[in-house]
Amino acid sequence: MQAKPVFILVRPQMGENIGAAARAMLNFGLDTLRLTDPRDGWPNPRAVAMASGAAGRVLDRAGVFADVPGAIADCDFVFATTARGRELTKPIYTPEAAMAQARALIGQGARVGVLFGPERTGLENEDVSRANAIVTVPVNPDFPSLNLAQAVLLTGYEWARQGHDGPAVQSGLAGADMASRLEIEKLGDHYEERLAEAGFFFPPHKAANMKLNLRNMWGRLGLTRADVQTLHGMLRQIVRKRDG
Numbered sequence: 581m582q583a584k585p586v587f588i589l590v591r592p593q594m595g596e597n598i599g600a601a602a603r604a605m606l607n608f609g610l611d612t613l614r615l616t617d618p619r620d621g622w623p624n625p626r627a628v629a630m631a632s633g634a635a636g637r638v639l640d641r642a643g644v645f646a647d648v649p650g651a652i653a654d655c656d657f658v659f660a661t662t663a664r665g666r667e668l669t670k671p672i673y674t675p676e677a678a679m680a681q682a683r684a685l686i687g688q689g690a691r692v693g694v695l696f697g698p699e700r701t702g703l704e705n706e707d708v709s710r711a712n713a714i715v716t717v718p719v720n721p722d723f724p725s726l727n728l729a730q731a732v733l734l735t736g737y738e739w740a741r742q743g744h745d746g747p748a749v750q751s752g753l754a755g756a757d758m759a760s761r762l763e764i765e766k767l768g769d770h771y772e773e774r775l776a777e778a779g780f781f782f783p784p785h786k787a788a789n790m791k792l793n794l795r796n797m798w799g800r801l802g803l804t805r806a807d808v809q810t811l812h813g814m815l816r817q818i819v820r821k822r823d824g
């Protein structure tokens, strides 16, 4: 059986929307759901009622995580869905292009995650910064807001529509041992710590945005595990040289 993308609902608010999202997923053959910090706790009886037949096959197996880094730690490539313009520099995909890319990556053995934001605000920049790319639906610019379950349904539809025969393995990153999101997170921690020691985050009132931009940079780079090890090693050597 071919692997499938992981759908991650970030800080979902209403149980009904979680259930409707699970139902939409199963409509298109997707059954791996993760939740981060659901507002009304978990399990949620309203989600079960709305999910109907998807309760046992999707909701009962849903993973619950405290935050986004934990939910995407084992993912090799992450899409963030958003209808709002962002100042973060990332590739922007339509759902069709995103799911084509997901199929190609999964065909190479990668684990792909898709982030969906909470109903009221959508994903925050902090969430989006940890993704490799953005997915935006070409909707009416005067009314761009989509219901959570609708966004899940559109993305799931594009996954299913493109069929179940993934593309042949191609050259380039095919077979490469890609770094997980957890490894990318630890790399970001390492650089942030050393840069702070070096006084890089100056002036203080710009530090938070500088750190966000660095996280965004790490998030969008397609790094292998060897790349991550090399970058750690480079930084350690610089520190050793500095400290004599």
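Residue numbers for the sequence shown follow my numbering, beginning at 581 and rising by one. Backbone N, C-alpha and C fix where the C-beta goes; we use that ideal spot for every residue, glycine too.
If you drop the 5 nearest sequence neighbours on each side, which residues of the same chain put their C-beta closer than 6 Å to that of residue i?
i    : result
N624 : G595
F781 : A787 and M790
V808 : A759, E763 and L767
Report the three-state DSSP secondary structure of residue i (helix, strand or coil).
i    : result
G650 : helix
R614 : strand
T661 : strand
V628 : helix
M594 : coil
T810 : helix
L589 : strand
S751 : Per-residue confidence for S751 stands at a pLDDT of 43, beneath the threshold of 50, marking its modelled position as unreliable; the derived number appears in the next sentence. In this structure, S751 counts as coil in the three-state DSSP scheme.
Under the assumption that residue i contacts residue j (Cβ atoms under 8 Å), give the Cβ distance between them as a whole number of angstroms.
i    : j    : result
V694 : T661 : 7 Å
P592 : P618 : 5 Å
A740 : F645 : The Cβ separation is near 26 Å, so there is no contact.
P675 : T735 : 5 Å
M679 : E765 : Not quite, the Cβ-Cβ distance comes to about 25 Å (not below 8 Å), so this is no contact.
R603 : A634 : 5 Å
Measure the CB-CB distance between residue i and residue j and report whether it falls below 8 Å.
i    : j    : result
V715 : L726 : no
D654 : L762 : yes
R805 : A759 : yes
P585 : L610 : yes
F696 : L606 : no
P627 : L639 : The identity of residue 627 in the sequence shown is Ala, whereas the question assumes Pro. Going by C-beta atoms, A627 is nearer than 8 Å to L639.
L815 : Y771 : yes
V819 : F587 : no
N597 : E699 : yes
Who are the near neighbours of residue i in its chain, counting only those whose CB is closer than 8 Å to its CB and skipping five residues on each side?
i    : result
G746 : Low confidence applies here, because G746 scores a pLDDT of 47, under 50, leaving its location unreliable; read the following figure in that light. So the qualifying residues of the chain are Q582, R683, A684, I686 and G687.
Y673 : F659, Q681, A713, I714, V715 and T716
A663 : G702, T716, V717, V719, P724, S725 and L726
G824 : none
Where does the unbroken beta strand (DSSP E) through residue i begin, and where does it stop?
i    : result
T735 : Note, T735: premise wrong, no beta strand (DSSP E); alpha helix (DSSP H) at L728 to R741.
A713 : A713 to V715
G643 : G643 to F645
At which residues does the alpha helix (DSSP H) containing residue i begin and terminate?
i    : result
L695 : No alpha helix (DSSP H) holds L695; the beta strand (DSSP E) holding it covers V692 to F696.
D640 : It is not in any alpha helix (DSSP H) - D640 carries neither H nor E in the DSSP assignment.
G779 : Element bounds for G779: n/a, residue is neither H nor E.
G687 : P675 to G687
W798 : A787 to R800
Apart from the five residues on each side of it in sequence, which residues of its chain come closer than 7 Å, Cβ to Cβ, to residue i?
i    : result
A600 : M630 and A729
S709 : L668, L792, R795, N796 and G799
D620 : G595
Using a Cβ cut-off of 8 Å (strictly closer), state whether residue i contacts chain D.
i    : result
L615 : Among the chains in the structure shown there is no chain D, since it carries only a single protein chain.
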